[in-house]
Structures are given as structure tokens and as C-alpha cells.
Amino acid sequence: RAAAYAELRDVEPFTRDGTRITVMMNAGLRDDVSALQLTGADGIGLFRTEFQFLVSSTLPARDRQMRLYRDVLDAADGKPVIFRTVDIGGDKAVPYLDNHTAEKDENPAMGWRALRLSLEREGLLKAQARALLEAAAGRQLSVMFPMVSEPWEFDAAKAIFEEQADFLRDRRKLMPESIEYGCMLEVPSLAEVLDILLPKLSFISIGTNDLTQFLFAADRANPKLAERYDWLSPAILRFLARIAKNMVGSQVRIGVCGEMGGRRLEALALMGLGYTRFSITPAAVGPIKELVRKVYLPDLTKQMQQWMMSPPPDMRAALAHWAETNGI
Ligand code: PEP
Ligand code: MG
-6 RAAAYAELRD
4 VEPFTRDGTR
14 ITVMMNAGLR
24 DDVSALQLTG
34 ADGIGLFRTE
44 FQFLVSSTLP
54 ARDRQMRLYR
64 DVLDAADGKP
74 VIFRTVDIGG
84 DKAVPYLDNH
94 TAEKDENPAM
104 GWRALRLSLE
114 REGLLKAQAR
124 ALLEAAAGRQ
134 LSVMFPMVSE
144 PWEFDAAKAI
154 FEEQADFLRD
164 RRKLMPESIE
174 YGCMLEVPSL
184 AEVLDILLPK
194 LSFISIGTND
204 LTQFLFAADR
214 ANPKLAERYD
224 WLSPAILRFL
234 ARIAKNMVGS
244 QVRIGVCGEM
254 GGRRLEALAL
264 MGLGYTRFSI
274 TPAAVGPIKE
284 LVRKVYLPDL
294 TKQMQQWMMS
304 PPPDMRAALA
314 HWAETNGI
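Using our numbering, you'd call the opening residue of the sequence shown number -6 and step up by one each time.
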């Protein structure tokens, strides 16, 4: 199989009806980026910048952050990279953020983490903004904010970046060729104000790991719940279907960067709901490309639309059966 996927490296993932599906990969370390060439992924749709923070015993200095981001852009060699600002705090506690570690939060996943923390510890986000702007000098910079729950949080985070950009411009530093902003949709509340958010940004990436956790009120790290909630449950699929529908006609790109998109039947369901952009774990890039090339999208879309109106009792079994009948 590995050889088969290697053969697919330079093959573009078109469906049988000719729809180009974008298959990017998730990364978090400098060394992950080599998988871009190995898998032939279209880029890095999610670079989790918190990895550098989590493996460090002290707050990574701005210059160290800058070097990592610059190395990542160098290694990506012109392929797009979306940098997500730090998602630390909560259960991803770091020792150097004194007094604000997990034991203070009773529900760390819903606690003081990600952008909530970054907006209060403004110095942290300012340093990261400067590091990213400098690393992308002369190149494209794509920035994404995690755990945005209301549009004002996006505005506030973007303002911090723009302030740092102005600072560099004033000093006649080489700027990124262009800067685009986006946010994760992983807190359900954001879906309810999508119309307010859309005019503000360039892209949205759905984080199905956290989204599922919050939609079902089920801790993603609790093994007792792991088997209980299925990504193919009608509740999550209808939620995602509604977002896709509300995005029709928008210039804003929408993708999925949670683990869901890297799984066979889940990816099929997402394509059937209208999703064409995925960022997934590197090991899944080959298998998902292979899957894409077997799909005839109009049939899949029709089937998913019907199932969204009246879901079968076992969606997973129904999809598996559909895939088999359709030679997938
Ligand atoms: C997600 O929540 O789906 C996601 C992609 O982000 P993370 O797994 O890093 O929380
Ligand atoms: Mg998340």
C-alpha cells in the first residue's frame, strides 16, 4: 500500500466528475514538513504552533519562534502554509504561564485556553505576530486563530497583527507579500454568527475534534466516551451540512482540519456535504487521494442530501454499503 500511495504523490486528487479536492496536511514540528514532499500534499492547512511552546520549559523567545516559522516556510518551498496561533492553556498547560495552569480550570477544554489566553496575555500574541510577520517577509502569510467563539475575538486578534505589521512598515522592514487571516470553527457558537464573521476573513477551517466535543458535551480525551459519539452521527453531519449551505456563494474558503477528514467514510460524507478542502494527518494523505479519485460527486451529493433529510438508523453502515456498491 505504501508503494501505491507513493505513486499517488504527484497525482492530483480529482473526483471522477473532475472536481479538484484540496488535500493538505497538518503539522506542528519542523521535521513534519518533510512529509509534504513525501505525500504530495497541497500544503499545510494547519501548523499547530503550540508544539514549540509545549516542548519548551520556558516561553520560546520571539527570535526562536521566527526561526521555526521561517524554516517551515523554506521547507514548504512555495506550497501554502496556514499558521495557527498558539492553542495553549487548559489541558495543554505550560509551566511558565504561572497561576493559570490546568488545576485552576475545572473544565480545561472549555477554559482559559487558545485565543482567550492569547488576547489577555497580549505580549505573547504580539511576539508571535512579529515572529510570523518577519518569518514571512517577501512571502505569503496565512494566519489562523483557534477557539474563536464570537467575531469580536477575531477582530481583536487581527488588530494585534495589524499593529505589529504597522510597526514593521514604519521601520521600512521587508513585509510579507500579502497577509490573510482566518479562523478555526470549533466552538459551535461561531456557526450561529457566520454571516457576521464572513466579511471579515479569508478562510475558515472546521476543527472537528473540538467541535464534536462541544456539540456533544463529550470530553474528547475521555476514553469512556471515545466509542460513544460517532463523527457520522446525524447531529454532527447536519451541523456541518448547514455550515456548508450557508457558505454557498461566499468568497471565503472553507475547509476541515480535524481528524474526521482523514478517515475514509467520514471524508466521503464531508465531500457529499460539499466540502472540497481538507487538512489531515500526513499518513492519511495518500489514502484520501486514492479515495477521491473513485468518487462521482453528483451521486454522493444526492445520496447525502437524502440522508440529511431522513438519516438511516446506522449512518456508518449505510455509507459503507453505499461505498461498496459504488466501487469505492
Ligand atoms: C480540532 O479541534 O479539530 C483541531 C484541528 O485542533 P486541535 O486538534 O489542535 O485542537
Ligand atoms: Mg481544536
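The beta carbon of each residue, even a glycine, is placed where N, CA and C say it ideally should be.
Original post:
Cα-Cα, which of Glu146, Ser171, Phe147 is closest to Ala158?
Top reply: Ser171
Problem set entry | Neighbour-count burial assignment, Thr403, 16 or more Cβ in a 10 Å radius | Look at the range of the chain in this structure, -6 to 321, and you will see that residue 403 is not part of it.
Closest Cβ-Cβ distance between Asp292 and chain C: below 7 Å?
Here chain C cannot be found, since the structure has a single protein chain.
- request: List in chain order the residues whose CB is within less than 5 Å of at least one heavy atom of the ligand MG.
  value: Glu179, Gly200, Asp203
* Asked: Expressed to the nearest angstrom, what Euclidean distance is found between the alpha-carbon atoms of Asp3 and Gly36?
  -> 13 Å
For Gly83 and Leu47, the rounded distance between their alpha carbons
12 Å
For Leu293, count the other beta carbons within 10 Å of its own beta carbon; 16 or more makes it buried, fewer makes it exposed. Which is it? buried
- With contact counted as at least three CB pairs below 8 Å, one residue from each stretch, are the segment 147 to 164 and the segment 108 to 116 in contact? yes
Exercise for the section: Counting only the same chain and skipping the five closest in sequence on each side, list residues whose C-beta sits under 7 Å from that of Ala211. Expected result: Leu218, Arg221, Tyr222
Cβ-heavy atom distance, Cys250 to the ligand GTP, below 6 Å = Although the ligand GTP was asked about, the structure shown includes only the ligand PEP and the ligand MG as ligands.
List in chain order: all unbroken alpha helix (DSSP H) runs of 4+ residues lying wholly within the segment 200 to 255. 201 to 208, 227 to 240
By Cβ distance, which residues of its chain are closer than 7 Å to Ile197, with the 5 residues on each side in sequence left out? Gly175, Cys176, Leu178, Val245, Ile247
### Message
Check this for me: beta carbons of Phe271 and Val87, under 7 Å apart or not?
### Response
no
### Query
What number of angstroms, rounded off, separates the C-alpha of Ala68 from the C-alpha of Gly21?
13 Å
By DSSP, does Asn319 sit in helix, in strand, or in coil?
-> coil
Here's the rule I'm using: 16 or more other beta-carbon atoms within 10 Å means buried, otherwise exposed. How should Gln298 be labelled? exposed
**Prompt:** Is it right to say Met302 is buried, meaning 16 or more other beta carbons lie within 10 angstroms of its own, or is it exposed?
**Reply:** exposed
ask   = For the beta strand (DSSP E) that Glu173 lies in, which residues bound it at each end?
value = 171 to 178
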